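Protein chains in written order, with my numbering: chain Z, 972 to 1393; chain H, 15 to 271.
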């Protein structure tokens, strides 16, 4: 629909430029409010949300309207399918309407074709052919409608036959552990930034800690003069609970940054989080070694001496005796390529006992295991035959984990979880 | 306090309550003693190894087993769950010495600074973090004044262990002197090949007189350095058989039949 056509239909229409950030913010706000009335919410388009009802009654509809009070006119439609629910919501301007299964067909047949969301041009053609109600479209089969008017009409026709797959999903609220600081005076150097970054790190860490989470990925966006932006990413192998460790890791990365323009503002967020591990401790000792402190120390060493100067030794099982090990880059924060899954490595690996293993902060059960594959050819050591095996498994959570095992001919197999992703 | 810490506290209290007479308070309650992995050396050290906050110096000529002992100590620490970092001044060690054991509960990192003098700032960073249970410094350059006492203080405060293979800028808690006594040779089709070596270790702990020489036998004869610096003189004749210098030195002349 053109703007002129829209204005012709609604004289009081107000227009504004599309602001994706503002729209996303509004969606977050809607999800935050709706989560009080339903566990499953899916935002669909700018003004629609699918919500799984808890009980089908007017009281629940009233709670939805109360939760969204102040947002604008709210229409709540309840129905056996998403199509019926949408048609019910369209039937009321500001209120609620419930349509049960028995009356759904009759109700839908009386609705105008617009409730099927077919699209402007096809809708006009159908109207020209005298098809204006849903019931009139129901007389034709989806295949022939698709051949003549395109897939959108065929899809709309299929939705009338209860083939509507639109369902609310489990909501994923965007993390609000973000701090944005606008500077009155622009900064030419990165040194003074540390004074502002410290409290920001503390605040992000404290927000996450309150939810028993730690940041595994910190993103610092430096907004430069002229609208440019420079982003510094820090990834950690273990969730960070301490703001000071986060600050140190960011400072290490900032040491390598060359500013192209003065800093006007910065934004610190934690795009990826993980459940906090229990504090390391020993039975008769005090606290164990701090993982975050180790990451900071290794990051400092890398910054000072170069990434390739901090290494670990990995065994190699083939070849001559002197080549039985090789250097590899030390584990630590690395930015994976775009699209890579955020695998988190377990160091040391978690041993699987009776189908259970300690992963991501608690003891979890292996629900399903994939095909077991051999990771390396068998070798013989001290007269015993050994094979490395790997397998994927699903643990409750749900988590996808990678398992490895060293199968020794002299003892039972020992399986360990080496990495996980949620 | 997390649930795990609470559980540990409860278990600790219950054990103390039930077995009041049997529970002996450990001498070093805040950390484990890391043995060297060489029984003869452990016997010579007070406490059977290196406790939290303690330092050790490994002394010996090239080829006397200093690196082998440091490697063994690092692997034992990783096995005991203490993260290890090795500061390789020359960057010349080969990786097989620092592969952690298969059942290790902690990792071993190796830092190879480009400039040898950078090994002391690296030691400072690693000790100051308190995140490593054992810091090993290999063949360091002479340290600037004041570095030695500061590292000792950091190791003590952070309950880390510091081992220097070479000349240390501080008075260590334990000192291990190593000496190569004998090399055993095997006859091979291409000539004599080394099959094992006998080392001599003398251990001295702070406040305890030096122990007598104890013999350590090592079968690991793999080259552990890529660019060896000064090496012990090769006493073999060009033919590969023992030369006259070796024959004159008593035990070096022993061959394994």
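A virtual CB, placed ideally from N, CA and C, is assigned to each residue, including glycine. Being a predicted model, the structure only gives us computed values, none of them experimental.
| Item | Value |
| --- | --- |
| What's the C-alpha gap between residue 1184(Z) and residue 1214(Z)? | 13 Å |
| In terms of residues, what are the limits of the beta strand (DSSP E) holding residue 146(H)? | Careful: residue 146(H) lies outside any beta strand (DSSP E) and carries neither H nor E. |
| Closest Cβ-Cβ distance between residue 146(H) and chain Z: below 8 Å? | yes |
| Can you give me the C-alpha to C-alpha distance between residue 271(H) and residue 231(H), rounded to a whole angstrom? | Since pLDDT at residue 271(H) reaches only 39, below the 50 mark, its modelled position is unreliable, and no value is offered. |
| Look at the alpha carbon of residue 1045(Z) and the alpha carbon of residue 1057(Z), and state the distance between them as a whole number of angstroms. | 13 Å |
| Near residue 1375(Z), which residues of its chain fall below 6 Å by C-beta distance, leaving aside the five closest residues on each side in sequence? | 1361, 1387 and 1389 |
| Along chain Z, which residues have their Cβ under 8 Å away from the Cβ of residue 132(H)? | 1275 and 1276 |
| Would you say residue 1386(Z) reaches chain H, if we count a Cβ-Cβ gap shorter than 8 Å as a contact? | no |
| Since residue 136(H) meets chain Z, which of its residues come closer than 8 Å, beta carbon to beta carbon? | 1272, 1275 and 1276 |
| Under 8 Å between C-beta atoms, does residue 1309(Z) make it to chain H? | Any reading at residue 1309(Z) must be qualified, since the residue scores a pLDDT of 47, below 50, and its modelled position is unreliable; the value itself is stated next. Closer than 8 Å: no. |
| In the structure shown, what three-state DSSP assignment does residue 1344(Z) receive? | strand |
| From the DSSP secondary-structure annotation, give me the bridge partner or partners of residue 1386(Z). | 1376(Z) |
| Please name the residue in 1224(Z), 1245(Z) and 1000(Z) whose C-alpha comes closest to that of residue 1182(Z). | 1245(Z) |
| Can you give the Cα-Cα distance for residue 1002(Z) and residue 1022(Z), rounded to whole angstroms? | 10 Å |
| Taking 8 Å as the CB-CB cut-off, is residue 1358(Z) touching chain H? | no |
| Using a Cβ-Cβ cut-off of 8 Å (strictly less than) and excluding sequence neighbours within five positions of residue 1334(Z), which residues of its own chain qualify? | 1327 and 1328 |
| Can you tell me whether residue 268(H) is buried or exposed, with buried defined as 16 or more other CB within 10 angstroms of its CB? | In this prediction, residue 268(H) has a pLDDT of 46, which is less than 50 and means its spatial position is unreliable; what the coordinates show is noted afterwards. Per the 10 Å Cβ criterion, exposed. |
| Who are the neighbours of residue 1210(Z) on chain H, taking C-beta pairs under 9 Å? | Ordered by position in chain H, no residue passes the 9 Å Cβ test against residue 1210(Z), which lies about 13 Å from the chain. |
| Do residue 54(H) and residue 228(H) count as a contact pair if the criterion is CB distance below 8 Å? | yes |
| Which word fits residue 41(H), buried or exposed, when buried means at least 16 other C-beta atoms lie within 10 angstroms of its C-beta? | For residue 41(H), the predicted structure reports a pLDDT of 48, less than 50, and the residue's modelled location is therefore unreliable. The matter cannot be settled from this model. |
| Check the Cβ of residue 1298(Z) against every Cβ in chain H and list those closer than 7 Å, keeping chain order. | 109 |
| Is it buried or exposed, residue 957(Z), if we count other Cβ atoms within 10 angstroms and call 16 or more buried? | Absent from the model: residue 957(Z). The displayed extent of chain Z is 972 to 1393, so no value can be given. |
| Say whether chain Z places a C-beta atom closer than 8 Å to the C-beta of residue 120(H). | yes |
| Three or more beta-carbon pairs under 8 Å between the region 1185-1198 of chain Z and the region 1121-1137 of chain Z, yes or no? | no |
| With distances taken Cα to Cα, identify the nearest neighbour of residue 1377(Z) among 1069(Z), 1173(Z) and 1356(Z). | 1356(Z) |
| Taking the CB atoms as reference points, tell me whether residue 92(H) and residue 136(H) lie closer together than 8 Å. | no |
| Against chain H, does residue 1375(Z) count as a neighbour if the rule is that its beta carbon must be under 8 Å from one of theirs? | no |
| Count the CB pairs spanning the region 1110-1122 of chain Z and the region 1071-1086 of chain Z that are closer than 8 Å, and state whether there are at least three. | no |
| Spell out whether any CB of chain H is found under 8 Å from the CB atom of residue 1165(Z). | no |
| Given a cut-off of 8 Å, decide if residue 179(H) and residue 79(H) are closer than it, judged by their beta-carbon atoms. | no |
| Kindly list, in the order they appear in chain Z, the residues whose Cβ is closer than 9 Å to that of residue 128(H). | 1276, 1277 and 1280 |
| Within a Cβ cutoff of 6 Å, which residues of the same chain sit near residue 1173(Z), ignoring the five residues on either side of it in sequence? | 1214 |
| Can you tell me which of the three DSSP states residue 1022(Z) falls into? | strand |
| Using beta carbons (cut-off 8 Å, strictly below), is residue 1268(Z) in contact with chain H? | yes |
| Starting from the Cα of residue 140(H), find the closest Cα among 124(H), 73(H), 192(H) and 128(H) and give me that residue. | 124(H) |
| Measure the CB-CB distance between residue 1296(Z) and residue 109(H) and report whether it falls below 8 Å. | yes |
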